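Residue numbers (the working numbering): 137 to 659.
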C-alpha cells in the first residue's frame with residue numbers, strides 16, 4: 137500500500153492544531169514555534185505533492201478511496217488535478233508567513249491584566265483552517281468536500297470574533313462589538329450558502345445514487361446517467377450560490393469588508409488569500425464538471441455579475457477611508473476577474489483564472505501584511521492618519537508600493553499575466569464584457585496610487601515621525617513573497633505547465649473549444 141500523501145498533507149496541520157492548543161498557557165512562545173514548525177512541515181509535504189504530480193498523467197492523481205458511510209455511498213475519496221495542486225501549494229506556502237506575521241497578534245492585551253488572549257488558540261485555529269482548506273482541495277467525494285467546506289467556518293468565526301484588530305478608533309468595547317458583528321455576519325452568510333448547497337448535495341445523491349465526483353462525471357459522459365434539464369439547473373444553482381458567497385461575488389459579498397476590517401492582518405490574508413479560493417476552485421471542479429449544461433446556461437448572467445463585481449469593488453475601493461476595507465473591496469474586484477475567467481469558457485480565461493487565484497493570494501498577502509505592520513505601528517487603520525511614511529520607514533514604504541503595484545497588475549509582477557489571460561479569454565467570446573472589465577484596471581491604478589500617495593508621501597505627520605522601519609521578522613515575512621511576485625511575473629511557466637492540462641479537461645467537460653480567430657496568422 138502506497139503512502140497516503142494527500143491524507144498526510146491535510147492531517148499534519150490538524151495534528152499541529154491539536155498539539156499547539158495543548159501547550160500550557162504559560163508557554164506562549166513554545167506554541168508559536170510549534171505552529172511554525174508544523175506549517176513548515178506541511179509546506180514540505182505540499183512540495184512533495186507538487187513534485188510527484190505529473191501534469192501529463194491521469195486527471196486525478198495520488199488518489200485514495202475508502203468507504204466511510206457505506207450505506208449512503210459516502211467515501212473518503214481524495215485526488216488532485218493541476219488546479220488543486222497549485223492551490224494546495226499556495227495554501228501551504230502562505231501559512232508559515234501568516235504565522236510569522238501574527239507572532240504577537242495574540243499576546244496579552246496589557247501586561248499584568250486579566251484581559252488576555254489564548255495565544256495557543258490563535259495559532260491552533262490557523263492550522264485547523266489550513267487542514268480543512270487543503271482537504272477541500274483534495275476531496276473528490278461531494279459529501280466529504282461539503283463537510284470541510286462548512287467546517288472551516290467554525291475556526292474562522294473564532295479568529296474573526298475573538299482575535300480582532302487592536303487598532304480601533306472607538307476603543308476596545310466598541311471594537312469587541314464590531315468584531316462580533318463581523319464574525320456573525322461572516323457565519324450567517326456562509327451558513328446560508330452552505331444550507332442551500334446541502335439541499336443540492338442531497339438532490340445530487342437522489343439523482344446519481346452516490347457522491348463520487350469521478351463516478352458521476354464518468355457516468356454522465358458515457359450517457360449512463362440522465363439528468364433532466366430543470367433538475368440539473370436547480371442543482372447547479374444550489375452549488376453555485378454557496379460558492380459565490382465564499383468567493384465572494386456581488387451581490388453576496390457584503391460580509392467580506394466587515395470581516396477583513398475587524399480581523400488582524402494575518403487573519404485577513406487567511407480569509408481572502410486562502411479560504412475564499414475554495415469558492416472559485418469549487419466552481420471549476422464541481423459546477424462545470426457535474427453540471428455542464430447548466431453551467432453553459434447560466435454563463436451570461438454569471439458574466440454580468442462578475443463584471444459588476446469588478447467595477448463595483450474597484451469603485452468602492454476608491455472611496456474608502458479605512459486601509460483594510462480598501463484592500464477588501466479591491467479583492468472583491470479581483471474575484472470578479474477570477475469568476476469571469478472561469479465562465480468565459482476559454483482555455484486562456486480558465487488558465488488565467490487559476491493563475492489569478494495563485495497570484496492574487498501572493499499579492500494580497502504582501503499588501504495586507506505590510507498594511508498590518510503599518511497599522512500596528514500607528515494604532516489606526518484610517519488613511520488620513522498617515523503621511524510621509526516613506527521618509528521615516530523607506531523599506532516598509534517600498535514593499536508597500538510593490539504590493540500595491542502588484543494589486544494594479546503592473547507588467548513584470550505576477551498578477552499582470554493572469555489578468556491579461558483572463559481579459560484575452562473573455563474578449564474572444566464576450567467582447568463587450570471584456571471592454572467593460574478593463575475599466576477595473578484603470579480604477580485599480582487610481583485606488584492603489586491614491587492610497588500610496590496619502591499614506592507614504594507628503595509631509596511627515598508628527599504621529600509617524602518616530603515610526604520604526606521593518607524589523608528582521610517582518611522582512612522575513614514579506615521578502616520571499618516579493619521575490620515570488622517578481623519571479624512569476626516574468627516566468628509564470630512553472631504554474632501554467634501544471635494547470636493547463638486540467639483546464640483543457642474542464643473545457644472538455646462543458647464541451648467547449650476556444651473560438652477560432654477571425655483572421656488567420658500569416659504563415
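Here a beta-carbon is modelled for each residue, glycine too, at the ideal position from N, C-alpha and C.
Model, not experiment: these values are computed from the prediction.
Smallest Cα separation from residue 328: which of 382, 534, 353 and 573?
Nearest neighbour of residue 328 by Cα position, chosen from 382, 534, 353 and 573, turns out to be 382.
What's the call for residue 331, buried or exposed, on a 16-neighbour Cβ count within 10 Å?
exposed
Under DSSP, the alpha helix (DSSP H) around residue 479 begins and ends at which residues?
For residue 479, the enclosing alpha helix (DSSP H) begins and ends at 459–479.
What are the start and end residues of the beta strand (DSSP E) that includes residue 203?
Note, residue 203: beta strand (DSSP E), 197–205.
Cβ-based neighbour list, residue 584, same chain, cut-off 6 Å, excluding 5 preceding and 5 following:
Annotation for residue 584: 540, 543 and 544 place their beta carbon closer than 6 Å to its own, counting only its chain and skipping 5 residues before and after.
Looking at C-alpha atoms only, which residue of 224, 218 and 577 is the closest neighbour of residue 451?
577
Local conformation of residue 362 per DSSP, three classes:
coil
Secondary structure at residue 645, three-state DSSP: helix, strand or coil?
The three-state secondary structure of residue 645, taken from DSSP, is helix.
Determine the extent of the alpha helix (DSSP H) in which residue 488 is found, giving its start and end residues.
Its alpha helix (DSSP H) spans residues 483–514.
The stretch 483–503 / the stretch 383–398 touching (three or more Cβ pairs under 8 Å)
The stretch 483–503 vs the stretch 383–398: no contact.
Span separating the alpha-carbon of residue 208 from that of residue 176:
37 Å
Three-way DSSP call (helix, strand, coil) for residue 566 in this model:
coil
Inspect the beta-carbon positions of residue 172 and residue 254 and report whether they are closer than 8 Å.
no
Assuming residue 456 and residue 448 form a contact by the criterion Cβ under 8 Å, report the distance between their Cβ atoms to the nearest whole angstrom.
Actually they do not touch by this definition, with Cβ atoms about 13 Å apart.
In whole angstroms, what separates the C-alpha of residue 319 from that of residue 588?
29 Å
Alpha carbon of residue 416 to alpha carbon of residue 269, nearest angstrom
13 Å
Among 431, 178, 420 and 210, which one has its Cα closest to the Cα of residue 639?
Checked all of 431, 178, 420 and 210; the closest Cα to residue 639 is 420.
Distance between beta carbons of residue 403 and residue 236, contact taken as under 8 Å
Not confirmed; about 14 Å, so no contact.
Taking the CB atoms as reference points, tell me whether residue 174 and residue 242 lie closer together than 8 Å.
No, Cβ-Cβ distance for residue 174 and residue 242 is not below 8 Å.
Straight-line Cα distance separating residue 643 from residue 249
Here the model assigns residue 249 a pLDDT of 42, short of 50, so the residue's position is not dependable, and the following value carries that caveat. Per the coordinates, the alpha-carbon of residue 249 lies some 58 Å from the alpha-carbon of residue 643.
Does the distance from the CB of residue 506 to the CB of residue 482 come in under 8 Å?
no
Go ahead and label residue 624 buried or exposed: buried means 16 or more other beta carbons lie within 10 angstroms of its beta carbon, across all protein chains shown.
buried
Since residue 182 and residue 234 should fall inside the 8 Å C-beta cutoff, what is the C-beta to C-beta distance between them, to a whole number of angstroms?
Rounded, the Cβ-Cβ distance is 15 Å, inconsistent with contact.
Assuming residue 627 is part of the beta strand (DSSP E), what are its boundary residues?
No beta strand (DSSP E) contains residue 627, which DSSP labels as neither H nor E.
If you reduce the DSSP assignment to three classes, tell me which class residue 247 lands in.
A caution first: residue 247 carries a pLDDT of 46, below 50, which makes its placement in the model unreliable, though a value can still be read off. Residue 247: coil per DSSP, three-state reduction.
Which residue from 614, 613, 152 and 591 puts its Cα closest to that of residue 603?
591 is the residue among 614, 613, 152 and 591 whose C-alpha sits nearest the C-alpha of residue 603.
Of the residues 525, 470 and 555, which one's Cα is nearest the Cα of residue 500?
Measuring C-alpha to C-alpha distances from residue 500 to each of 525, 470 and 555 identifies 470 as the nearest.
Nearest neighbour of residue 149, chosen from 265, 555, 199 and 190 [CA to CA]
265
Taking the beta strand (DSSP E) that residue 104 belongs to, which residues open and close that run?
Past the edges of the chain, shown from 137 to 659, lies residue 104, and the structure says nothing about it.
Below 8 Å on the Cβ atoms is my contact criterion, and I expect residue 322 with residue 293 to pass it. Report the Cβ-Cβ distance as a whole number of Å.
7 Å
Considering only their Cβ atoms, is the gap separating residue 486 from residue 478 smaller than 8 Å?
yes
Which full runs of the beta strand (DSSP E) of 3+ residues lie inside the stretch 312–345, going along the chain?
none
Using 8 Å as the threshold, is the C-beta distance between residue 336 and residue 280 below it?
no
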